[in-house]
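Residues 2 to 641 (the numbering used here) make up the sequence shown, in order.
Built from N, CA and C at the ideal position, the CB exists for glycine as well.
Given the structure is predicted, the values throughout are model-derived calculations rather than measurements.
Below you'll find the structure, written out as structure tokens, and then a few comments.
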Amino acid sequence: MADKHPTLQLIATSASVIGGVLALASLAATQIERSKKNKPGLVKCTSKEVGSEVWSGDVTPEYDVVVVGGGTAGCALASRLSEDPNIRVLLLEAGGSGKILPFSLIPGGYSKLFKTEHEFALRTVEQQDGRDRFWPRAKMLGGCSAINAMMFHQGAPTDYDEWAQSGEEGAEQWAFKNFQKYFLKFEKFNPHASSPDVDASLRGASGPIDIGFFGNFSQVAQTFVKTCVNLGIPKTNDFNTAAGTLGVSRVLTYINDKGQRVSTEAAYLTPAVLSRPNLKVATHAHVTKMLVEDVLDGDKKVKRAVGVEFCEKKGGVRYRVKARREVVLSAGAVHTPHILLLSGIGPAAHLAAHNIPLTHDLPGVGQHLMDHAVVNVIYQVQPGLSLNWLRSLSFVDKMRQIAALLQWKTSGTGPLTSNIAEAAAFVKTTDPHLFPKSEFPTDVKDHSSGADAPDLEFYASPFSWKQHGEVDHPSDESICLGAVLLRPESTGSITLKSADPFDPPIIDPNYLSTQNDIAVLARGLRILLRIGHADPFSTLLDPPSSRSPDIDNTLSPSSSDSQLESLIRSRVETLYHPTSSARMAPLKDGGVVDAYLRVHGVQGLRVADASVFPTIVAGHTAAPSIAVGEKAADIIKESI
């Protein structure tokens, strides 16, 4: 029998490999077939039915509304606008479809799309430690909803009440009691046996986007929740109600009952929607500038957006389309201000420095950039707890990966349905129970939006990583706990590198420019280290086999302030949440749009994406971005 065993192993291994290849081939074929079914309404930007060549002399096609950017908000906006058959809508997207990409569809696979043709691979300028940062931004329909960690979270209710306090006409419509309906409008909550205590009556029931608890829930995440409760962070059943967001829980995700990611493209640009005769979705359309003209409004000359110019690639043929009613920028917090600047809308001196003719002097464009900075603590754990093997190149782990793929393909379950950050906790750094004066004698400023609003988030992941996977992860058997600065004092900017629309903008998040930001993150790290040393979480840890500076098992909650500050400065990264670079605020306060999302000083031009957030929300930005898209559609419908 001994000489037959290797043969049996080879047969079993070959069967697994063949099964995995067949699963991938089946998945790819299914996605390609779906893309064919979606063909009505989805065309390349070079199609003559989309726009006219700039110098051709042909009649330029005209739409009622041109939406620039088919991302998280843009897909929602275009879909809702086209519900009215009398509104002709064109949606322009720089990338292609995300629905045909297996690594977008598989929840745990999205990082495989980083630095590919489906992602802009942007980088910041060097930060205070002398290192630049990778800033992933999706280049596909669905935008970052197609490559994010799928964490459904609204933010704190008082975040939106704060938005409503600008004093501008219409600002009150952004208060939580008025804006909440747009969250409920897009939600379709799926009750799940593992979390029966969620009050379904407080969740949306018939929206296009599935939310629920269908993703993986690892032992790491489960133990994190229990340990947080033991340390005094209350357990909550739902972060997303009027009661507020403080507490710890398993994370609701944008994953459906088949174990698949639900991007805004998948939810809003269904075959039925794409078949609408009044909706055209043009892919691979890189917008180079907006077309703005001087027009008469009564007896007064005003600026008005009248169309858009775009092309497929650098050096390619330029096309134009006209907008009878509105141009709406939904290109995100990086590309929306970039397009505005390229169009001559922004700070006059900055535009002059790049020889861009001034269309409208608007100093706030690209300013007040906000982002959630995150610092991870990395623990080595007992064998079998980490999911790092899903990224391993070893032969044994490749076999495990194939088995996981087959499990996902056949049942929609298993480790590939992990949303990476499977559990989260939201706290206030001024909470005297978590941060008693005896242990935290130095005060920090409370920048939360209200008494029940957090300024710190913690999350637990069964994976570990460093610098977004750009360098090797510290250990095959390691996991991450993260501390997120939810309400930073530091703000940055988006500015031009050149007048070439294919040159990426200069991104400066200006992380940790104030001592208070560092102090808040230091408090967060002390709690994460306390979690790591407390039961039951401490029972998961395994002594590290080496003294790698990336493994924090021996790092103490009583570490010195200087030690923690050094760690924070060297490890701080983006949580992929840039906002507020074309913020909704009065012109005198550096605002770019008013409470109706209209760009100050330019008629027929609005912005609808995370760049309009007056201040960043204390939570994850996908849900409020979708809600902004939903609300923008109602605002525009009412104005037409």
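Check: Nearest CA to the CA of Lys467: which residue from Leu542, Asp551, Phe396 and Thr515?
Finding: Checked all of Leu542, Asp551, Phe396 and Thr515; the closest Cα to Lys467 is Asp551.
Notebook entry, point to check: What three-state label does DSSP hand Val397 in the structure shown?
Noted result: Under the three-state reduction of DSSP output, Val397 falls in the helix class.
Checklist line | Opening and closing residue of the beta strand (DSSP E) in which Gly248 lies | finding: Gly248 to Arg251
Next item on the list: Sort Val445, Leu598, Cys229 and Tyr64 by Cα distance to Ile636 and report the nearest one.
Entry: Leu598
Item checked: Beta-carbon proximity list for Ala273, same chain, < 6 Å, skipping 5 on both sides -> none
Check: Which of the three DSSP states, helix, strand or coil, is assigned to Trp136?
Finding: strand
Item checked: Neighbour-count burial assignment, His434, 16 or more Cβ in a 10 Å radius -> exposed
Margin query: Suppose you measure from the CA of Ala422 to the CA of Asp211; what does that come to, to the nearest Å?
Written below: 18 Å
Next item on the list: Could you say which of Asn377, Tyr380 and Phe184 lies nearest to Ser207 if we only look at CA atoms?
Entry: Phe184
Checklist line | Of the listed residues Gln383, Val309 and Lys438, nearest to Glu327 (C-alpha basis) | finding: Measuring from the Cα of Glu327, the nearest candidate turns out to be Val309.
Next item on the list: Using DSSP bridges, identify the partner residues of Val293.
Entry: Ala306
Next item on the list: Compare the Cα-Cα distances from Ala425 to each of Asp477, Phe436, Leu391 and Leu487 and report the closest residue.
Entry: Distances from the CA of Ala425 to each of Asp477, Phe436, Leu391 and Leu487 were compared; the closest alpha carbon is that of Leu487.
Note to self: Is Phe225 close to chain B? Criterion is C-beta to C-beta, closer than 8 Å.
What the structure shows: Given the protein chain composition of this structure (a single chain), no chain B is represented.
Item checked: Beta bridge counterpart(s) of Leu92 as assigned by DSSP -> Val68 and Val282
Item checked: Where Ile641 falls, given that 16 or more other Cβ within 10 Å makes a residue buried -> exposed
Next item on the list: Report yes if the C-beta distance between Val1 and Val44 is below 8 Å; otherwise report no.
Entry: Missing from the structure shown is residue 1; the chain here goes from 2 to 641 and no further.
Item checked: Minimum C-alpha distance to His1 - residue among Ala624, His355 and Val629 -> The requested residue 1 is not part of the displayed model; the chain covers only 2 to 641.
Check: How is Asp162 classed by DSSP in three states: helix, strand or coil?
Finding: helix
Item checked: Contact belief for Arg138 with Gly333 at Cβ below 8 Å, rounded distance in angstroms -> Between Gly333 and Arg138 the Cβ distance is about 6 Å, and since that is below 8 Å, they are a contact.
Next item on the list: Have a look at Lys638 and Glu170 and give me their C-alpha separation to the nearest angstrom.
Entry: 19 Å
Notebook entry, point to check: Considering only residues of the same chain and omitting the five flanking positions on each side of Pro615, which have a CB-CB separation below 6 Å?
Noted result: These residues qualify, in order along the chain: Trp164, Arg584, Met585 and Ala586.
Check: Three or more C-beta pairs closer than 8 Å, one from the region 385–404 and one from the region 431–447: is that the case here?
Finding: no
Check: Per DSSP, what kind of secondary structure is Thr31 in: helix, strand or coil?
Finding: Because Thr31 carries a pLDDT of 48, less than 50, the predicted location of this residue cannot be relied on, and no value is offered for it.
Next item on the list: Counting only the same chain and skipping the five closest in sequence on each side, list residues whose C-beta sits under 6 Å from that of Ala147.
Entry: Gly99, Ser105, Ala139, Met141 and Ser264
Next item on the list: Name the two residues that bound the continuous alpha helix (DSSP H) containing Cys46.
Entry: Segment: none, Cys46 is in no alpha helix (DSSP H) and carries neither H nor E.
Notebook entry, point to check: DSSP state of Arg584, grouped into three classes?
Noted result: coil
Notebook entry, point to check: Is the beta carbon of Gly213 sitting closer than 8 Å to the one on Gly413?
Noted result: no
Next item on the list: Consult DSSP for Leu486 and reduce its assignment to one of helix, strand or coil.
Entry: strand
Notebook entry, point to check: Would you say Asn217 and Ser419 are within 8 Å of each other, going by their C-beta atoms?
Noted result: Judged by beta-carbon spacing, Ser419 lies within the 8 Å limit of Asn217, meaning their Cβ atoms are closer than that value.
Next item on the list: Evaluate Glu631 with the Cβ neighbour count: other Cβ atoms within 10 Å of its Cβ, from every protein chain shown; 16 or more gives buried, anything less gives exposed.
Entry: Taking every protein chain shown into account, the CB of Glu631 has 16 or more other CB atoms within 10 angstroms, so this residue is buried.
Notebook entry, point to check: Does DSSP classify Asn656 as helix, strand or coil?
Noted result: In the structure as shown, the chain starts at 2 and stops at 641, and residue 656 therefore has no counterpart that could be examined.
Item checked: C-alpha gap between Leu280 and Arg89, whole angstroms -> 6 Å
Next item on the list: For Val226, count neighbouring C-beta atoms within 10 Å of its own C-beta (all shown protein chains included) and say buried if the count is 16 or more, exposed if not.
Entry: buried
Notebook entry, point to check: What alpha helix (DSSP H) runs, 4 residues minimum, are completely inside the region 318–402?
Noted result: 333–343 and 349–354
Next item on the list: Output the distance between the C-alpha atoms of Ala353 and His361, rounded to the nearest integer angstrom.
Entry: 12 Å
Notebook entry, point to check: With DSSP run on the structure shown, which of helix, strand or coil describes Ser219?
Noted result: coil
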